[in-house]
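Notes for the one structure printed next.
Number of protein chains: 2
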Amino acid sequence: MTLKIALAQINFVVGNISANVKRIAEAAIYARDQLKADIVVFPELTITGYPAEDLLLRTDFIAEANNAIYLLAEQVTDIALVVGFPEQGEGVIYNSAVVLYQGVTLACYRKQVLPNYGVFDEQRYFTAGTQPCVFEFNGVFIGLTICEDVWKSGIIEANKNNGAELLLTLNASPFNAGKIHQREAIICQQVKNAELPLVYVNQVGGQDELIFDGASFVVDALGQVVFRAEEFKEQISVIEFDDVNPLASTCAPLYNPISSEYQALVLGIKDYVRKNGFQGVLLGLSGGIDSALVLALAVDALGSDKVEVVLMPSQYTQDMSNEDAVLEADALGVKYHVIPIAPAVNAFTGMLAEVFEGTTKDTTEENIQARCRGVILMAMSNKKGKLLLTTGNKSEMSVGYATLYGDMAGGFAPIKDVPKLLVYALARYRNSLSAVIPERVIMRLPSAELAHNQVDADSLPVYENLDPILERYVELDQSAEDIIAAGFKREEVIRAITLVDRNEYKRRQSPPGIKITSRAFGRDRRYPITSGYRGV
Amino acid sequence: MTLKIALAQINFVVGNISANVKRIAEAAIYARDQLKADIVVFPELTITGYPAEDLLLRTDFIAEANNAIYLLAEQVTDIALVVGFPEQGEGVIYNSAVVLYQGVTLACYRKQVLPNYGVFDEQRYFTAGTQPCVFEFNGVFIGLTICEDVWKSGIIEANKNNGAELLLTLNASPFNAGKIHQREAIICQQVKNAELPLVYVNQVGGQDELIFDGASFVVDALGQVVFRAEEFKEQISVIEFDDVNPLASTCAPLYNPISSEYQALVLGIKDYVRKNGFQGVLLGLSGGIDSALVLALAVDALGSDKVEVVLMPSQYTQDMSNEDAVLEADALGVKYHVIPIAPAVNAFTGMLAEVFEGTTKDTTEENIQARCRGVILMAMSNKKGKLLLTTGNKSEMSVGYATLYGDMAGGFAPIKDVPKLLVYALARYRNSLSAVIPERVIMRLPSAELAHNQVDADSLPVYENLDPILERYVELDQSAEDIIAAGFKREEVIRAITLVDRNEYKRRQSPPGIKITSRAFGRDRRYPITSGYRGV
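Sequence lines, in order, name chains A and B.
Residues in the first sequence are numbered consecutively from 1, following this note's numbering.
Residues in the second sequence are numbered consecutively from 1001, following this note's numbering.
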């Protein structure tokens, strides 16, 4: 006998239970009528989207989510729906998956392994289940698992021991560079060991700082991937099983890392704008590489008619910066404004003359310029209802090479988790599709242009040294001594990590941005501001 | 026989292991030589301070903390030290308490109940211990417990069943209004049930958003508090036990709620400034009640010579606001500057004239004023190396009645968790000690003074209605229907909670502030920005 299982890789909105239920029902009907599926599997916590964070602590929210399951069960028949929801237990909540068929619940599984590291806080909300759940459908014994369950050894084997012939996994597995390879490698190995075919359905879409990349897949009992859905796109697919053997189907290609990262950033911008109801975005274009990349990403995410840019030159802005900014705007077909900042800078200089009398110029004066730009951009954002994008990269965020309320002002920071060298790589990648960033922008030395002939390398180690130090310190938690032992210069290591430590206060006030590395700032790396630890 | 146990209620700096070890050794020597104590008990995770957050994920940090225990054991003899530290297990970390005596470890206990709710993330870092730990000292059997252990039933009984005659508890229990009563009530009841005397040592001091209030105490077997240390102060005390019965000693009085809250705020400012090495603070003084209160708190925390204020009047600032601001500065003896904002506002108006042509005035123009003030204050903060305090209260933070990068600009937000009605109560309380805030400031209608004759009540429900709605929604997680059923007007409830939901993005970029309610924004209430949930 054959079984057809549909994988519903869908982009849900966190918290919008009624819209999510509607989307689930539509997808199930499509899977039943168009794909002739017997079962349709949705991602983890389908009903609420993932992660719903502290909404999960609200009784009204949980009640609505549980009620939605009953509504859904009656809404769609003649196909089994495997749906995730926060199940109300006795005084506790479970991260559960329920099988709905012909108006009744065939089975309900409670997630056993609750991740509480990195960006995950599941032990804040959920109580762990304690047993596997295997149900019979059309004569096949099917086990249910949820995300982290299949990353740890033991759960897949327990399903096998309980008679499962096939495993379904509901997931909300966020993207970072290389994650898709890691995910498939680990899970395929476990499947191979247990000889239990597995259907893996992942959420897709952006949710604040997280990107869920989809790339749902099916593994046969030998541990071979026989089907893979697209990354970063919604897709409802069906796989036919001969008894419990999945028949080989289309495998979407795995993108190369740079292409994946680019697409993750595009999806992140698109979903933040769309899900939060903005009409478009706005950004300051400096003629530098960072804002050039953010502009290209924004246009690729939203279309050129939804993007507007502002050039805000000062006395320190070189002509080539203005020229290149105009070239970028023109190449991408976006409207640009030019507003020189001198009048505001002069006004503040005059207003502060008395209190600053006798002091010497320092970064204060540089910050005033950046903050005048912040005021202009925020005024335009307020007036037009457009989201202001900031253009700072991860290297700058790490060492605090940015002005609070200046270039850090904005609602969303697309490349906040993109190290500077990767900014260059992404710019080159984008130009390989079509040339939109002038070569001179990629080639010239990076500068904040807040003082005469300033370049980043005046204040920081060159990025070729800085970025790997930061990766080791921020992403890998290596100590200063470890990093020095790996061959980096002691003074550069100490300088870099001291700056990282000292600038936690700045990062705490930065807008959210898209996680693409193994460890982003924010919920992924929770550091105290007040800290006496000096690991140097 | 008698036993003397010292309670070392000390203000540690998170992460500063070497300084903390020095302080522990000094306190132990003082307890031994001056107080003639046999045992000295320190707070939870003494070595690292609490909470060290993701520092706990670093192998260099954990190694240093574990090494510090060995150093300490050899450093102080002839008194038993009970010290908390993050114990390195096999591939895992425990939240442990160790008993050091004559250079060796007498006992080591691993915390069994790891809180992972509210501000706590202990399951992110630690593995739970599984058994009680009772050790013999001078013929007395003493049990060890850590913080959350004694809030849950079972652990105290298990110690009793394992032969404990006396219980020591190491704590890092953060302050909120009423917490001290709740803490003593719950623990005394458990002690009474088990008939096991208990020594409770709490950390004291401010750490970013948390205040640890000290108020360490000793409970006899009948569940009576026989000793209590001061709130909000360091104190090393000794209690004599006759066999295992604690002899009655001094009980520091419990302050009334308003006095506790005031002192918590003062300590929060003081420790944030001191532990982060600022020379002083700066704030904008508007003539309104919020900045008046923050000024008084800052002066009480740091002294008037460490506080500087700036008056930044606009065309909308009433004369009485300027007059009252000057009165406040004079009453508290702080230096003030007057910098009218018109030149900068006019400059921006001119610069934006072309892009704003044909639009009507809205909050954009109000925000420009607030942001000009932000630029002035930040420039002074940068130039002088003084911490800028923001003056927004919790009611404003809840509904977003504040300007990002304007009045929200600053490094620390002392009254961010203080609802508006409590701002008034705290101002009156402060005036009851000595009159520093002009009565007119307390009596007049609150206004942002960003437009002609503007008052807060133009945009918001009056605070007498708004604050209780916010308390129910934000602190108690009540639904809109629950709040309406409690007697609040439907339209005001919907307006208030819609504003709370919509302004998560603003709060995400606000500076840290001092938690004094049962639920502050930030790590205590983790909401998605992108959320389709509308509980109305």
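Even glycine gets a Cβ: it sits at the ideal position worked out from N, Cα and C.
On a predicted model such as this, the values are computed, not experimentally measured, just so you know.
A Cβ-Cβ distance of about 4 Å is found for the pair D1417/B and A1520/B, placing them in contact under the 8 Å criterion.
Assignment of K335/A by DSSP, reduced to helix, strand and coil, places it in the strand class. Within the region 273 to 321 of chain A, the complete alpha helix (DSSP H) segments at least 4 residues long are 289 to 302, listed from N- to C-terminus. Close CB contacts of Q224/A within its chain, under the 8 Å cut and outside five residues either way in sequence, are with C188 (chain order). Excluding five sequence positions before and after P115/A, the CB atoms of its chain that fall closer than 6 Å to its own CB belong to E122 and E148, given in chain order.
Contact holds between the region 43 to 61 of chain A and the region 1471 to 1489 of chain B, because three or more Cβ pairs, one in each stretch, are under 8 Å apart. The continuous alpha helix (DSSP H) containing A1185/B extends over residues K1179 to A1194. When the beta-carbon positions are compared, A1068/B and V1021/B come within less than 9 Å of each other. I514/A and G268/A have their C-alpha atoms some 6 Å from each other. By the rule that beta-carbons nearer than 9 Å mark a contact, R371/A touches chain B. Residue burial is scored here from C-beta neighbours: E357/A has fewer than 16 other C-beta atoms within 10 angstroms and is therefore classed as exposed. Taking C-beta atoms as the reference points, R1373/B and D1407/B count as a pair closer than 9 Å. Counting only runs of 4 or more residues that sit fully inside the region 43 to 93 of chain A, the alpha helix (DSSP H) segments are 59 to 75, in chain order. The beta-bridge partner set that DSSP reports for F1141/B consists of E1136/B. Cβ atoms of A496/A and V399/A come within 8 Å of each other, at about 6 Å. Residue burial is scored here from C-beta neighbours: P253/A has fewer than 16 other C-beta atoms within 10 angstroms and is therefore classed as exposed.
Beta-bridge annotation (DSSP): F126/A is not paired with any residue.
Only D121, Q123 and R124 from the region 121 to 139 of chain A bring a Cβ to less than 8 Å from some Cβ of chain B. Taking 9 Å as the cut-off between beta carbons, none of the residues of the region 1070 to 1092 of chain B comes near chain A.
A straight line joining the alpha-carbon of V150/A with that of T390/A spans about 38 Å.
Y109/A is bridged by DSSP to A97/A. In its chain, beyond the 5 residues on either side, I62 and N66 have a beta carbon closer than 6 Å to the beta carbon of Q88/A.
At a cut-off of 9 Å between beta carbons, T1359/B contacts chain A. By the beta-carbon neighbour count (other beta carbons within 10 angstroms, threshold 16), L1222/B is exposed. Taking C-beta atoms under 8 Å as the contact rule, D1213/B and A1264/B qualify, at a distance of about 7 Å.
As DSSP reads the structure, C1251/B sits in a beta bridge with R1228/B. Per the DSSP secondary-structure output, Y200/A pairs in a beta bridge with T169/A and F217/A.
Per DSSP, reduced to three states, the secondary structure at A1379/B is helical. For I415/A, DSSP assigns no beta-bridge partner whatsoever. Under the three-state reduction of DSSP output, Q1009/B falls in the strand class. Think of a sphere of 8 Å around the beta carbon of D477/A: the chain B residues whose beta carbon falls inside it are L1057, R1058 and T1059, in chain order. Listed as beta-bridge partners of T1002/B by DSSP are D1242/B.
For F1488/B, the secondary structure class from DSSP, reduced to helix, strand or coil, is coil. Under DSSP, S1237/B takes part in a beta bridge, and its partners are L1007/B. With a 10 Å radius around the Cβ and a threshold of 16 neighbouring Cβ atoms, K1111/B comes out buried. L388/A is a Cβ neighbour of V281/A, given a cutoff of 9 Å.
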